[in-house]
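Numbering (our numbering), first residue to last: 152 to 239.
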Amino acid sequence: MSIKDGIFGIIGKTVKEVIVNDECPSSPDFHLFLLFDDGGAYEFYGNGILNSSGSDHGGLNYAKIFNDCRMRRYYINEQGERVTEDIK
152 MSIKDGIFGI IGKTVKEVIV NDECPSSPDF HLFLLFDDGG AYEFYGNGIL
202 NSSGSDHGGL NYAKIFNDCR MRRYYINEQG ERVTEDIK
């Protein structure tokens with residue numbers, strides 16, 4: 152699906168966390184995962200491609216299949232603090 156076709160599905164959702172895969176030697180060399188509190192997620196990758204996963208994405212587990220990338224996770228913890236962590 153193109154970004155133009157799927158972008159309205161994001162409106163009104165609450166982002167729970169963001170996962171970024173970058174510095175990937177393989178193609179696509181960049182992924183941005185938006186994970187929502189309703190269990191849904193969107194994946195942006197390469198040159199503006201959007202992949203909607205509906206409500207059962209698996210988020211972090213799916214992001215880990217791109218194991219040749221640097222992977223970072225961004226979220227707000229229970230204390231309200233911004234957290235960035237490298238994961239593998």
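Virtual Cβ for every residue (Gly too), placed ideally from N, Cα, C.
A quick note: this is a predicted structure, and the numbers were derived from the prediction, not measured.
Just reading off the beta strand (DSSP E) that residue i is part of, what are its end residues?
i, result
"Thr235", "Arg233 to Asp237"
"Phe159", "From DSSP, Phe159 is part of no beta strand (DSSP E); its letter is neither H nor E."
"Asp173", "Val166 to Asp173"
"Glu194", "Ala192 to Tyr196"
By DSSP, does residue i sit in helix, in strand, or in coil?
i, result
"Phe187", "strand"
"Phe181", "coil"
Are there any heavy atoms of the ligand PLP lying less than 7 Å away from the beta-carbon of residue i, as far as the coordinates show?
i, result
"Thr235", "In terms of ligand content, the structure shown is empty, and the ligand PLP therefore cannot be addressed."
Please classify residue i as buried or exposed, where buried requires at least 16 neighbouring CB atoms within 10 angstroms.
i, result
"Asn228", "exposed"
"Tyr225", "exposed"
"Ile238", "exposed"
"Gly231", "exposed"
"Gly191", "buried"
"Glu236", "exposed"
"Phe159", "exposed"
Rounded to the nearest angstrom, how far is the Cβ of residue i from that of residue j, given a contact under 8 Å?
i, j, result
"Cys220", "Glu174", "6 Å"
"Phe187", "Val166", "6 Å"
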